[in-house]
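Asker:
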Amino acid sequence: MITSAINIDIEKTAVSKISQIDFAHLEFGAVYSDHMFAVDFKGDEWKNPQIVPFQNISMSPATAALHYGQTIFEGMKAFRGAGNEILVYRPQAHCRRLNKSAERLCMPQVSEEMFLEGLNQLLTLDHEWVSSMEGCSLYIRPMMYASDEFIRVKPSTNYKFIVFTSPVAKYYSGTVKVIVENKYVRAAEGGVGFTKSGGNYAASLLPAKIAAEKGYQQILWTDAKEHKYIEESGTMNAMFQIDDTLVTPSLSSSILAGVTRDSIITIAKDWGIKVEERKISIDELIDAHKSGRLKDAFGTGTAATVTHISEIHYNGTDLVLPDVSKRDLSSKLAEELINIRLGKAEDKFNWIHKIQF
Ligand code: COI
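Sequential numbering of the sequence shown, starting at 2, is according to this note's numbering.
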């Protein structure tokens with residue numbers, strides 16, 4: 002055991018799994034690095050921070066999280082910089098969002114200090130898992146769950162916070178075809194759609210399965226009341242280019258405040274591009290497509306980065322989007338974002354958290 006500056010106990014794995022990993026053929030979310038950071042919330046405070054070999058967690062069948070979904074997570078990425086350092090993309094923003102999810106689900110706050118220190122020490126230990134291979138990154142999955150063994154419906158008093166990591170390639174390898182959902186609902190106003198909580202993703206599984214059976218990789222979610230306005234696209238925020246303007250649904254209690262969404266908006270505005278965060282109806286998209294003004298549709302997300310939409314299906318009609326080679330604006334924005342994350346473009350918004358080891 003090695004004890005760190007903020008008393009994180011570190012137990013190293015006896016044998017690293019890294020030699021078993023084929024970094025050139027990574028499936029998103031299928032393999033995990035050697036260690037994980039884990040902390041327990043007990044008696045009103047976080048206790049016993051430790052880094053241990055990545056391992057199963059044993060729990061009672063009565064564990065609250067398994068029954069009532071008091072569970073939240075984040076998704077962020079680390080990259081290998083040109084000087085061999087580790088570059089973590091916007092971890093403070095992810096910590097803030099984790100805490101917003103925690104507040105809505107009656108879970109404890111995680112201090113930025115604990116979040117960053119756990120990350121620094123975990124990634125220092127597992128730095129070899131951050132590949133410099135093109136298109137690769139280390140996906141970081143912080144998660145918290147209610148660990149009370151108690152099946153009455155009430156907020157848990159005990160929680161576990163874990164951060165583990167997974168070397169990944171891009172979530173989608175090409176463009177996606179999406180179908181506008183006008184029966185099922187992912188999230189409603191006043192609910193937990195803006196949080197990264199497990200239930201949001203569970204609610205999406207059946208409609209996504211039905212969409213996949215029809216040949217669509219993703220759903221374009223519409224609002225819960227009228228199925229009229231665009232909300233999100235699958236696990237991504239949705240963006241459109243109408244003429245020269247970037248348009249994206251404004252944030253609400255049913256839309257996740259994507260860190261990649263915010264990054265693309267910030268870069269676009271910095272470049273003098275007109276950005277509108279507002280309601281977008283499916284009728285507006287159809288009209289813009291008919292008149293040739295819908296130049297682009299794409300999703301943004303940590304896992305997906307920027308993923309172009311090739312077709313939007315609505316009520317028997319396919320809106321076919323221009324070839325990706327003609328989508329200059331989103332391609333340039335995606336390239337700039339990738340370059341910032343890799344430390345190849347100026348970090349003018351202070352988004353990169355560098356870990357030297
Ligand atoms: C992310 O982009 O990090 C996400 O949360 C998507 C995930 C569900 C794979």
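We put the CB at the ideal spot given by N, CA and C, even for glycine.
Got a sec: does the ligand COI put a non-hydrogen atom nearer than 7 angstroms to the Cβ of G302?
Answerer: Yes, the ligand COI has a heavy atom inside 7 angstroms of this Cβ.
Asker: Do S251 and G194 count as a contact pair if the criterion is CB distance below 8 angstroms?
Answerer: If you check the CB distance, G194 and S251 do not come in under 8 angstroms.
Asker: Leaving out the 5 sequence neighbours to the left and right, which residues in its chain are closer than 8 angstroms to I58 when beta-carbon positions are compared?
Answerer: K161 and I163
Asker: Could you spell out the range, first to last residue, of the alpha helix (DSSP H) harbouring L343?
Answerer: That residue, L343, is in no alpha helix (DSSP H); it is neither H nor E in DSSP.
Asker: Within its chain, find whatever has a CB closer than 8 angstroms to the CB of Q56; leave out the 5 residues flanking it on each side and keep chain order.
Answerer: Within the same chain, and ignoring the five residues on either side of Q56 in sequence, the residues whose Cβ sits closer than 8 angstroms to its Cβ are M37.
Asker: With C-beta atoms as the reference, is H314 less than 8 angstroms away from Y217?
Answerer: yes
Asker: Measure the Cβ-Cβ separation of F29 and V169 and say whether it is below 8 angstroms.
Answerer: yes
Asker: Measure from the alpha carbon of E277 to the alpha carbon of each residue in D288, I287 and D263, then state which is nearest.
Answerer: D263
Asker: Where does E227 land, buried or exposed, given buried means 16+ other C-beta within 10 angstroms?
Answerer: exposed
Asker: How close, in whole Å, do the beta carbons of N121 and V111 come, if the pair is a contact with beta carbons under 8 angstroms?
Answerer: Not a contact, Cβ separation roughly 15 angstroms.
Asker: Using a Cβ-based criterion (distance less than 7 angstroms to any ligand heavy atom), does G76 qualify as near the ligand COI?
Answerer: yes
Asker: Could you name the residues that DSSP lists as bridge partners for T64?
Answerer: Checking the DSSP bridge columns, you'll see T64 partnered with E150.
Asker: I need the DSSP call for R234, collapsed to helix, strand or coil.
Answerer: According to the sequence provided, residue 234 is Ser. The question's Arg does not apply to it. Strand.
Asker: At the level of alpha carbons, what is the spacing between D41 and C107?
Answerer: 16 angstroms
Asker: Taking 7 angstroms as the cut-off, does the CB of A188 come closer than this to any heavy atom belonging to the ligand COI?
Answerer: no
Asker: In angstroms with no decimal places, state the Cα-to-Cα distance between L221 and Q21.
Answerer: 37 angstroms
Asker: Tell me the DSSP secondary structure of Q122 in three-state form.
Answerer: Note: Q122 maps to helix in three-state DSSP.
Asker: What ranges does the alpha helix (DSSP H) occupy inside the region 143-221, keeping only unbroken runs of at least 4 residues that lie completely in it?
Answerer: Correct list: 199-214.
Asker: Quick check: does the Cβ of T308 come within less than 7 angstroms of any heavy atom belonging to the ligand COI?
Answerer: no
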